[in-house]
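Numbering (this note's numbering), first residue to last: -13 to 287.
Okay, structure first, notes after.
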């Protein structure tokens, strides 16, 4: 009980860290964590922030991402409803605060944090996410990844092989995708926003072409039965990802064709080249006009 009280105090302190003006006003007290079981050992958790993956079994508890800092107590309570074991591993799919905000409170429970080399580098210093006019403060030492990888790595736990691999210059320069082979589940982090136009962090090395390449890599290993956990949005299928990839590739091609024809980016932005996809993907937090402006900055660069 004493350890739990100390953890809750640490989580409350972490919750005071303001990452950006829009999110600092969110009332996390009203958010409930929803668990969806995908196999005997794998779950998807939805709360506030990026979708969380959970692998829990006889060996260990392995968590993929941990949302905003104030969600940490709720996530740990949800995980405890599945397994009484402590969280042993936390893998960050990238550095953004809606996926790594729980690093410090999870780290204080003893979890080993894993990420790409570039994600640790960005977590170690102050970052500015210009598109949202948001500042991300450096993560304290207790919340920094202690194991980093430049390419790929594997975990053999709970009867699963978890294959984490880097996809270059996609959503950021430090993205990891995790394939839970035994359960045929893929966690894509923010390389996939199911149902909405994606955010690509060009200031952190992201690019449209890299995002499409990431989609192609997952499509190459997915089957019609694969369940795909996106960074945001509902659980997806291979068909959902294929449609998403084709949408993005079509719009990127239109940008390239227009530039080669001599059009300026201002002219392309006014040409409504996303109109045939807006009904399906334009209802998210980034509206079509703003998304196209962002996409122009991360395509062909």
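C-beta: ideal position from N, C-alpha, C; glycine also.
All of these numbers come straight from a predicted model, not from anything done at the bench.
> Alpha carbon to alpha carbon, what distance is there between residue 51 and residue 28?
Replying inline: If you number the chain shown from 1, residue 28 lands on position 42. If you number the chain shown from 1, residue 51 lands on position 65. Taking the straight line joining both Cα atoms gives about 14 Å.
> Who does residue 25 pair with in a DSSP beta bridge?
Replying inline: Within the chain shown, the letter at position 39 stands for residue 25. The partner list for residue 25 (beta bridge, DSSP) reads 28.
> For the alpha helix (DSSP H) that contains residue 97, what are its first and last residues?
Replying inline: Residue 97 sits at position 111 when you count from the first residue of the chain shown. Neither: residue 97 is in no alpha helix (DSSP H) and is coded neither H nor E.
> Rounded C-beta distance between residue 84 and residue 53? I'm assuming under 8 Å.
Replying inline: Walking along the chain shown from the start, residue 84 turns up at place 98. Walking along the chain shown from the start, residue 53 turns up at place 67. With 8 Å as the limit, residue 84 and residue 53 qualify as a contact, their Cβ atoms being about 6 Å apart.
> Taking Cβ to Cβ, would you say residue 119 is nearer than 7 Å to residue 101?
Replying inline: Working through the chain shown from its first residue, we reach residue 119 at position 133. Working through the chain shown from its first residue, we reach residue 101 at position 115. Against a cut-off of 7 Å, the Cβ pair of residue 101 and residue 119 comes out as no contact.
>> Tell me which residue opens and which closes the alpha helix (DSSP H) that residue 263 is part of.
In response: Counting from one through the chain shown, the residue named residue 263 turns up at place 277. 261 to 267 is the extent of the alpha helix (DSSP H) around residue 263.
> For residue 20, does the three-state DSSP call read helix, strand or coil?
Replying inline: Along the chain shown, one-based indexing puts residue 20 at 34. Strand, per DSSP.
> So, helix, strand or coil for residue 64, using DSSP?
Replying inline: Position 78 of the chain shown holds residue 64. Three-state result, residue 64: helix.
>> Check for me: the alpha helix (DSSP H) holding residue 249 runs from which residue to which?
In response: Here residue 249 refers to the residue found at position 263 of the chain shown. Run containing residue 249: none; DSSP gives neither H nor E here.
>> Quick check on residue 23: buried or exposed, where buried means 16 or more other Cβ atoms within 10 Å of its Cβ?
In response: Position 37 of the chain shown, counting from 1, holds the residue named residue 23. When all chains shown are included, residue 23 counts as exposed.
>> Please list the terminal residues of the continuous beta strand (DSSP E) segment that includes residue 161.
In response: Numbered from its first residue, the chain shown carries residue 161 at position 175. From DSSP, the beta strand (DSSP E) with residue 161 extends over 161 to 166.
> If we ignore side chains and look at the alpha-carbon of each, how far apart do residue 216 and residue 256 end up?
Replying inline: Numbered from its first residue, the chain shown carries residue 216 at position 230. Numbered from its first residue, the chain shown carries residue 256 at position 270. One C-alpha to the other measures close to 30 Å.
> If you draw a straight line from the C-alpha of residue 287 to the C-alpha of residue 196, how long is it?
Replying inline: The residue you call residue 287 lines up with position 301 of the chain shown. The residue you call residue 196 lines up with position 210 of the chain shown. If you take the alpha carbons of residue 287 and residue 196, they lie about 11 Å apart.
>> Please report the distance separating the alpha-carbon of residue 64 from that of residue 34.
In response: Counted from its first residue, the chain shown places residue 64 at position 78. Counted from its first residue, the chain shown places residue 34 at position 48. If you take the alpha carbons of residue 64 and residue 34, they lie about 13 Å apart.
> Can you give the Cα-Cα distance for residue 7 and residue 30, rounded to whole angstroms?
Replying inline: Along the chain shown, one-based indexing puts residue 7 at 21. Along the chain shown, one-based indexing puts residue 30 at 44. Below a pLDDT of 50, predicted positions are generally treated as unreliable, and residue 7, at 40, falls in that range; the measurement from the model is reported next regardless. Taking the straight line from one Cα to the other gives about 28 Å.
> When you compare each of 126, 133, 70 and 139 to residue 55 by their alpha carbons, which one comes out closest?
Replying inline: Counting from one through the chain shown, the residue named residue 55 turns up at place 69. Minimum Cα distance to residue 55 is reached at 126.
> Expressed to the nearest angstrom, what Euclidean distance is found between the alpha-carbon atoms of residue 295 and residue 91?
Replying inline: The structure shown does not extend to residue 295, since the chain is modelled only from -13 to 287, so the question has no answer here.
> In whole angstroms, what separates the C-alpha of residue 121 from that of residue 112?
Replying inline: Here residue 121 corresponds to residue number 135 of the chain shown, with the count starting at 1. Here residue 112 corresponds to residue number 126 of the chain shown, with the count starting at 1. Approximately 7 Å, taken between the alpha carbons.
> What do you get for residue 274, buried or exposed, if any count of 16 or more other CB atoms within 10 angstroms of its CB means buried?
Replying inline: Taking the chain shown and counting its residues from 1, one reaches residue 274 at position 288. Result: buried.
> Can you tell which of 263, 282 and 265 has its C-alpha closest to the C-alpha of residue 253?
Replying inline: Here residue 253 refers to the residue found at position 267 when the chain shown is read from its first residue. For the residues 263, 282 and 265, the minimum Cα distance to residue 253 belongs to 282.
> Hey, out of 186, 212 and 206, whose CA is closest to residue 284's CA?
Replying inline: Here residue 284 refers to the residue found at position 298 when the chain shown is read from its first residue. Comparing Cα-Cα distances from residue 284 to each of 186, 212 and 206, the minimum goes to 186.
> Which residues in the same chain have their Cβ closer than 7 Å to the Cβ of residue 134, if we skip the five residues on either side of it in sequence?
Replying inline: As a first step, residue 134 is located in the chain shown; it is residue number 148 there, counting from the start. The residues are 101, 102, 103 and 106.
>> On the DSSP letters alone, give me the boundaries of the alpha helix (DSSP H) that residue 284 sits inside.
In response: The count along the chain shown starts at 1 and reaches residue 284 at position 298. Unbroken run through residue 284: none, as it is neither H nor E.
> Where residue 9 and residue 272 are concerned, what is the direct C-alpha to C-alpha distance, given to the nearest angstrom?
Replying inline: If you number the chain shown from 1, residue 9 lands on position 23. If you number the chain shown from 1, residue 272 lands on position 286. For residue 9, the pLDDT reaches just 49, beneath the cut-off of 50, and the residue's location in the model is therefore unreliable, although a value from the coordinates is still provided. Roughly 15 Å separates the two Cα atoms.
>> Just verifying my parser: in three-state terms, what is the DSSP assignment at residue 172?
In response: Here residue 172 is taken as the residue at index 186 of the chain shown, counted from 1. Here residue 172 sits in strand by DSSP.
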